[in-house]
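First up is the structure itself, then whatever we jot down about it.
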Amino acid sequence: MKPRTIASVGLAALMTASLAACNANTASTTGGQSGADGVTINYWLWDDRQAPLYQQCADDFHAANPGITVKITQTAWGQYWETLTTQLAAGNAPDVFTNHSAHLLQFIDNNQIMDLTEMAQKAGVDDSIYQPGLADLSKYDGKRYGLPKDWDTEGLLYDTAVATEAGYSKEDMAELTWNPTDGGTFEQFIAKTTVDANGKNGLDPDFDKNNVVRYGFYPEWADGAIGQNGWGNLAASNGFTYGDRNVAPTKFNYSDPSLVDTVTWIHGLIDKGYAPKYDQQSTLGTEATMNAGTAASTIQGSFTASGYLGKDAQRAFAFAPLPKGPIGRRSAMNGLHDVVWSGTTHADEAFKWVAYMGSEACQVKVGESGVIFPAATKGTEASLKAREAQGQDNSAFT
0 MKPRTIASVG
10 LAALMTASLA
20 ACNANTASTT
30 GGQSGADGVT
40 INYWLWDDRQ
50 APLYQQCADD
60 FHAANPGITV
70 KITQTAWGQY
80 WETLTTQLAA
90 GNAPDVFTNH
100 SAHLLQFIDN
110 NQIMDLTEMA
120 QKAGVDDSIY
130 QPGLADLSKY
140 DGKRYGLPKD
150 WDTEGLLYDT
160 AVATEAGYSK
170 EDMAELTWNP
180 TDGGTFEQFI
190 AKTTVDANGK
200 NGLDPDFDKN
210 NVVRYGFYPE
220 WADGAIGQNG
230 WGNLAASNGF
240 TYGDRNVAPT
250 KFNYSDPSLV
260 DTVTWIHGLI
270 DKGYAPKYDQ
280 QSTLGTEATM
290 NAGTAASTIQ
300 GSFTASGYLG
310 KDAQRAFAFA
320 PLPKGPIGRR
330 SAMNGLHDVV
340 WSGTTHADEA
350 FKWVAYMGSE
360 ACQVKVGESG
370 VIFPAATKGT
380 EASLKAREAQ
390 GQDNSAFT
């Protein structure tokens, strides 16, 4: 399978990651160690759902390479980057760590990650096994710095009961349109699913925008300079591009009318009472808001699907493709990759672990959990099959 049309595969390279505060286990053991039992490679990642999956890969890797043991440390998103940055500066970082495209140039400029080009060539790394464009997210100036790990894209998450009550079928949701002038059929959906305390929706002349109990749309507040989970997708469908080039742009386009019109439309939703004000619900978080039933729709990434569509969800949700904008449907796509610390004393063993994580063998095993979409096409197919078996419809992302 192939991902649907995206705004730009290189989009994530421009992103400034949002470092959210959270409670997490603090990573402390860094650098690889050698001993009588061989070499220990320290590997860091932030997703608690993926840690046990990669432990399976680590066990298989150790079975095939008895002299190499992988120690996995999982630390939640915000603390991960804070601790990693500190350890890199101190010269005591993990041998291998998961990287976000937003940080690639920073690590390259600081000489903190290894150039893996020659190692990958000798190992016969084949980029054709990955979803198109993902391998490029860890390359810069003709050099490779990582191997693809997984990918994600965006969809319109909506409360199915609310949509049905408003007269929208799954097919209707898949055909929503958007423009910054009147919002298209997307704004009509938002208005119809916005309800005040008297049961009046946003299209009713008697609608009270100052006494709303359910908003039709919940904007992603912590969306940084890219808007991956919100305004960026709509702006791209309105013709917006972030800069003069995807990687290391020399000029940004944030004053472009296509973006100005997009964010003006979003602000208009707040003025009309269709979306909450920033200070009203921004502290609750998207997942809590959606599960509480105080919003009918929002934009979310495919990496959240297992939570919203799984057995632990408090309401019935579904994902639809993002609305079609003036130049068509656009969705951000991002991909993670694993890199090797430039200060490791076990470069060969560290790369061998990175290469195994990037292999179809590991990524298919990870995909069989249905938690994420691995970068390898076969891994993605395994994930889709697992999600289908769990009763999840992920067609909006593919």
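Here numbering that gives the first Met the number 0 is used: position 100 in the sequence shown is 99, and no number is missing along the way. For every residue, glycine included, the Cβ atom is placed at its ideal position computed from N, Cα and C.
Going by other Cβ atoms of all chains shown within 10 Å of its Cβ, with 16 needed for buried, is E348 buried or exposed? buried
Does DSSP put K191 in a helix, a strand or coil? helix
Simplified DSSP assignment, three categories, for V95: strand
Take the Cβ of E186 as the centre, count every other Cβ of all protein chains shown within 10 Å, and call the residue buried at 16 or more, exposed below. In this structure E186 is buried. Its beta-carbon is surrounded by 16 or more other beta-carbon atoms within 10 angstroms.
Report buried or exposed for D158, applying the criterion of at least 16 other Cβ atoms within 10 angstroms of its Cβ. buried
Exposed or buried, E170, counting other C-beta atoms within 10 Å across all chains shown (16 or more means buried)? exposed
Straight-line Cα distance separating Y214 from A234: 22 Å
Pick from F372, T343, A89, Y217 that is closest to G357, judged by C-alpha positions: F372
In this structure, what does DSSP give as the bridge partners for D337? According to the DSSP secondary-structure assignment, D337 is paired through a beta bridge with T97, L146.
Based on the DSSP secondary-structure assignment, which residues constitute the bridge partners of I40? V69
Since I298 is in the beta strand (DSSP E), which residue starts that stretch and which ends it? 296-300
Helix, strand or coil: how does DSSP classify K138 here? strand
Run of the beta strand (DSSP E) containing F60, from where it starts to where it stops: Taken as a continuous stretch (DSSP letters only), F60 belongs to no beta strand (DSSP E), being part of the alpha helix (DSSP H) at 50-63.
In the DSSP assignment, what are the bridge partners of A317? Y157
Just how far apart, CA to CA, sit H99 and G334? 7 Å
Please report the distance separating the alpha-carbon of P320 from that of T176. 10 Å
Less than 8 Å between the CB atoms is what I'm expecting for F216 and I189, so what's the real figure, rounded? 5 Å
On the DSSP letters alone, give me the boundaries of the beta strand (DSSP E) that R213 sits inside. Taken as a continuous stretch (DSSP letters only), the beta strand (DSSP E) holding R213 covers 211-213.
Per DSSP, which one or two residues make a beta bridge with Y79? According to DSSP, which records beta bridges pairwise, Y79 is partnered with nothing at all.
Report yes if the CB atom of H336 is closer than 8 Å to the CB atom of P131, and no otherwise. no
Length of the line joining the Cα atoms of Y129 and L136: About 12 Å.
Would P218 be called buried (16 or more neighbouring beta carbons within 10 Å of its own) or exposed? So P218 counts as buried.
Grab me the residues of N210's own chain with a C-beta within less than 6 Å of its C-beta, minus the 5 sequence neighbours each way, in chain order. Setting aside the 5 residues that flank it on each side, N210 is surrounded in the same chain by D195, A196, each with a C-beta closer than 6 Å to its C-beta; the list follows chain order.
Go ahead and label P93 buried or exposed: buried means 16 or more other beta carbons lie within 10 angstroms of its beta carbon, across all protein chains shown. buried
Give me the Cα-Cα distance between N91 and T85, rounded to the nearest whole angstrom. 9 Å
Going by other Cβ atoms of all chains shown within 10 Å of its Cβ, with 16 needed for buried, is V212 buried or exposed? exposed
Status (buried if at least 16 other CB within 10 Å, exposed otherwise) for H102: Classification of H102: buried, given that the 10 Å Cβ count is 16 or more.
Taking 8 Å as the CB-CB cut-off, is P218 touching chain B? In the displayed structure, chain B is absent; only one protein chain is listed.
Assuming M113 and S341 make a contact with CB atoms under 8 Å, what is their CB distance in whole Å? With a Cβ gap of about 5 Å, M113 and S341 count as contacting.
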